[in-house]
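Protein chains in written order, with our numbering: chain G, 239 to 578; chain F, 239 to 578. Each residue gets a CB set at the ideal place from its N, CA and C atoms; glycine is no exception. Nothing here was measured: the structure is a model prediction, and the numbers come from that model. All remarks here apply to the structure that follows.
Number of protein chains: 2
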Amino acid sequence: MTRVTAQDVADAAGVSLATVDRVLNNRKGVRESTVERVIRAMELLNFERDQAAATLARRRDYRFTFLVPSGETAFFGGIRSEIEIARKHFAKDRIEVNMIKVPPLDPHAIVAEIDRLGADIGDGVAMVAVESQIVRDAINDLRARGVHVVTLISDAPTSSRERFVGIDNVAAGRVAASLLKRFIHAPEGDVVVVAGSGTLRDHVERRMGFEQVMRAECPHLNVLPWIEGEELADVVEAKLKAVLADHPNVVGLYSLGGGTRGVIDAIKTDPKKFSVVTTELSAHTRTALIRGEIDAVLVQDPSHEVRSAIRILKALTDGTQINENQERIRIEIFVRDNLP
Amino acid sequence: MTRVTAQDVADAAGVSLATVDRVLNNRKGVRESTVERVIRAMELLNFERDQAAATLARRRDYRFTFLVPSGETAFFGGIRSEIEIARKHFAKDRIEVNMIKVPPLDPHAIVAEIDRLGADIGDGVAMVAVESQIVRDAINDLRARGVHVVTLISDAPTSSRERFVGIDNVAAGRVAASLLKRFIHAPEGDVVVVAGSGTLRDHVERRMGFEQVMRAECPHLNVLPWIEGEELADVVEAKLKAVLADHPNVVGLYSLGGGTRGVIDAIKTDPKKFSVVTTELSAHTRTALIRGEIDAVLVQDPSHEVRSAIRILKALTDGTQINENQERIRIEIFVRDNLP
DNA sequence: TTAATTTTGCTTGACGTACCTCAACTCTTA
DNA sequence: TAAGAGTTGAGGTACGTCAAGCAAAATTAA
């Protein structure tokens, strides 16, 4: 296989290398008819510009910044360590990845950090958004400055962010419900929902999806008022224990946010047997799955999400195409037997 | 961020650029003590060799060959079209991907094709293995010639293939069983297994995993003698209809191979209602999932598998590390609500 | 000590694209 | 017909590593 070079294209189109280059990089100063001739030649010869040579010649480093919550939840801990791994991995492709930790759930902290960084924020930003107008404004400002923005895990759909990297949380809630619907054998009973934070869009959406399916398809199941766990295991455990004590006919449980350890501790001591679906794949949930204390865990792969965000930011800065197939973040269902 | 170049390392280590290059590429002619000095300097400066410049200077094209079955099953059709897509996508990274179609389930055809290609087979091969000594021998010969080999979807574990790209099929079978176990509410009944080919290792393994769980955990369920569907929808439909007619107390069904369309057509006309788990995500299974005719589909992502095989072959030829996280092929569980 | 061998330095030319300058050319349009 | 604007060509430098050959230095063996 002899590679087709830009020079070959130039020869075929009867123009100079400089002109091919101008066409290739959308620089002005080329007549429309010539552009077409060059493009035809590229198609004819099946020209693929050499990524390696291009980035080298462009003498350019990509600089991307991740803005992630500093909280101590297992999930964001995982995200942060994945960013560290990715930072090392992408260095050899001239991609510099920085991570800035911001206090969780605090829109002002996010905006302050963006302001502080200024131009140092680089070519693109991946941020875990929170529901707030000033965050949306900050995103729009970044875009206006030409900085690319993707939201990660938690979206800000009405902002001008270019992509959302994460799962469809409404669908995740629906999955939880439709699994529980199939798992629960009892003709009727109560279903408990352990929520995280009401200000996190992803939690709210999951709950929405869950309720949709429950209401439409499970008239025999009664969804109890949700438990606000604040993503703290101890809080979850205490509140859940109280609810379980009050309701003898619990047949299912969905835990959609953090603090899953609290869920596991609470149900372990409960004499009732019911179906359980949670989120987060940690040492605790793994053990609980294997022991049969919980039935399924719904997860998004942080490693994939981080890589995906970087690839997408790079494609956005290069103006190249995104491989949709590769960037699809899955709602992963783990049962005892397909644990990774 | 100013990049650390090999020249910087040379300066820091007090050697010449040529020596750094020799260390970098494991060429001989460098004293052990000097090697260590250079490596220390690289660590100190956090040197990352520039992938782009390296592949460019190496003036090297990677050439990989996929050997895949030519059969008309939905799954391998998908694999083949993913290879086509990947071929285009990887061209810009100087990776030439070729696809050779071989008659399915025919070890001699595979070996004949390998012989025919000779050195044209390139730097690495990804093949869908079949259970046979001559195939294992062919793989070992390729390895002896320095050609890298990964098996795809169906493994040949006792050969000298370097990696297997695919799912743990025993685990997939176990997942199917443990889902059915949870889905089936009846206190007892029959379970039907629709198999594909007995010579495909992945099919055999899935069945094994399924039986393991059924036997150990579901004494109330009776697994009927399996139906050999030969991956042909018509055959599957006819045989399954016969079995369903003979057994009024069927409560669950697992279809572990091709011909899923036949399964769907057969159960559609059956008055009984039972839980169904299948493989393959096609237009048919999607519709059936949405309609509630089947409950879950277990899938491996062909797009991911093809990309993964190429990345792994490239890492093997470069002698670089493999990102295990990225190459983990998942056993994906799809229910109605997390369809992609 | 010398001779043989190994290790290191130095230099130079790829590799394919990006990006720049300057000169020359081709059209308009007045 | 000439000024002006828009196009194109030619050629150069840069990017960071690889590869190769030869010269020089350092080390080891005799």
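Answer yes or no: does any C-beta atom of chain G fall closer than 9 Å to that of residue i?
| i | result |
| --- | --- |
| residue 550 of chain F | no |
| residue 490 of chain F | no |
| residue 487 of chain F | no |
| residue 511 of chain F | no |
| residue 390 of chain F | no |
| residue 287 of chain F | yes |
| residue 327 of chain F | yes |
| residue 316 of chain F | no |
| residue 563 of chain F | yes |
| residue 545 of chain F | yes |
| residue 331 of chain F | yes |
| residue 451 of chain F | yes |
| residue 244 of chain F | no |
Can the beta-carbon of residue i be found less than 9 Å from the beta-carbon of residue j?
| i | j | result |
| --- | --- | --- |
| residue 539 of chain G | residue 574 of chain G | no |
| residue 432 of chain F | residue 363 of chain F | no |
| residue 288 of chain G | residue 421 of chain G | no |
| residue 340 of chain G | residue 285 of chain G | no |
| residue 315 of chain G | residue 543 of chain G | no |
| residue 291 of chain F | residue 294 of chain G | yes |
| residue 461 of chain F | residue 448 of chain F | yes |
| residue 306 of chain G | residue 275 of chain G | no |
| residue 434 of chain F | residue 469 of chain F | yes |
| residue 361 of chain G | residue 555 of chain G | yes |
| residue 576 of chain F | residue 541 of chain G | no |
| residue 244 of chain F | residue 272 of chain F | no |
| residue 438 of chain F | residue 343 of chain F | yes |
On a CA-only basis, which of the options is nearest residue i? Give me that one, please.
| i | options | result |
| --- | --- | --- |
| residue 456 of chain G | G:426, G:346, G:445 and G:564 | G:426 |
| residue 530 of chain G | F:419, F:400, F:284 and F:278 | F:419 |
| residue 386 of chain G | G:369, G:499, G:470 and G:303 | G:303 |
| residue 389 of chain F | F:378, F:383 and F:401 | F:401 |
| residue 561 of chain F | G:320, G:310, G:466 and G:270 | G:320 |
| residue 247 of chain G | G:279, G:541, G:260 and G:368 | G:279 |
| residue 578 of chain G | F:565, F:329, F:366 and F:508 | F:565 |
| residue 486 of chain F | F:510, F:311, F:312 and F:459 | F:510 |
| residue 524 of chain G | G:553, G:572 and G:508 | G:572 |
| residue 368 of chain F | F:380, F:384, F:347 and F:508 | F:347 |
| residue 488 of chain G | G:471, G:473, G:331 and G:512 | G:512 |
| residue 428 of chain G | G:296, G:558, G:458 and G:344 | G:458 |
| residue 370 of chain F | F:282, F:345 and F:358 | F:345 |
| residue 393 of chain F | F:552, F:281 and F:440 | F:440 |
| residue 365 of chain G | G:308, G:553 and G:406 | G:308 |
Opposite residue i in the DSSP bridges: which residues?
| i | result |
| --- | --- |
| residue 580 of chain G | Since the displayed chain G opens at 239 and closes at 578, residue 580 of chain G lies outside it and no answer follows. |
| residue 386 of chain F | F:362 |
| residue 478 of chain F | Looking at the DSSP assignment, residue 478 of chain F forms no beta bridge with any residue, so it has no partner. |
| residue 339 of chain G | G:306 |
| residue 548 of chain G | None, per the DSSP bridge assignment. |
| residue 433 of chain F | F:466 |
Would you say residue i lies against chain F (beta-carbon separation less than 9 Å)?
| i | result |
| --- | --- |
| residue 323 of chain G | yes |
| residue 571 of chain G | yes |
| residue 382 of chain G | no |
| residue 471 of chain G | no |
| residue 541 of chain G | yes |
| residue 340 of chain G | no |
| residue 293 of chain G | yes |
| residue 479 of chain G | no |
| residue 413 of chain G | yes |
| residue 423 of chain G | yes |
| residue 407 of chain G | no |
| residue 378 of chain G | no |
| residue 416 of chain G | yes |
| residue 447 of chain G | yes |
| residue 576 of chain G | yes |
For the ligand FAD, any of its heavy atoms closer than 8 Å to the Cβ of residue i?
| i | result |
| --- | --- |
| residue 451 of chain F | Among the ligands in the structure shown, none appear at all, so the ligand FAD cannot be discussed. |
Evaluate contact between the region 517 to 528 of chain F and the region 543 to 550 of chain F, counting only Cβ atoms and requiring at least three cross-stretch pairs below 8 Å. no
Could you say if the region 409 to 418 of chain G and the region 386 to 401 of chain G meet the contact criterion of at least three C-beta pairs nearer than 8 Å? no
Validate contact between the region 486 to 495 of chain F and the region 442 to 453 of chain F using beta carbons, cut 8 Å, 3 pairs: yes
Touching or not, the region 331 to 343 of chain F and the region 283 to 303 of chain F, by the rule of three or more beta carbon pairs under 8 Å? yes
Any chance the region 336 to 354 of chain G sits against the region 367 to 376 of chain G, with 3 or more Cβ pairs inside 8 Å? yes
Quick one: any contact between the region 466 to 482 of chain F and the region 501 to 510 of chain F, if contact means 3 or more CB pairs under 8 Å? yes
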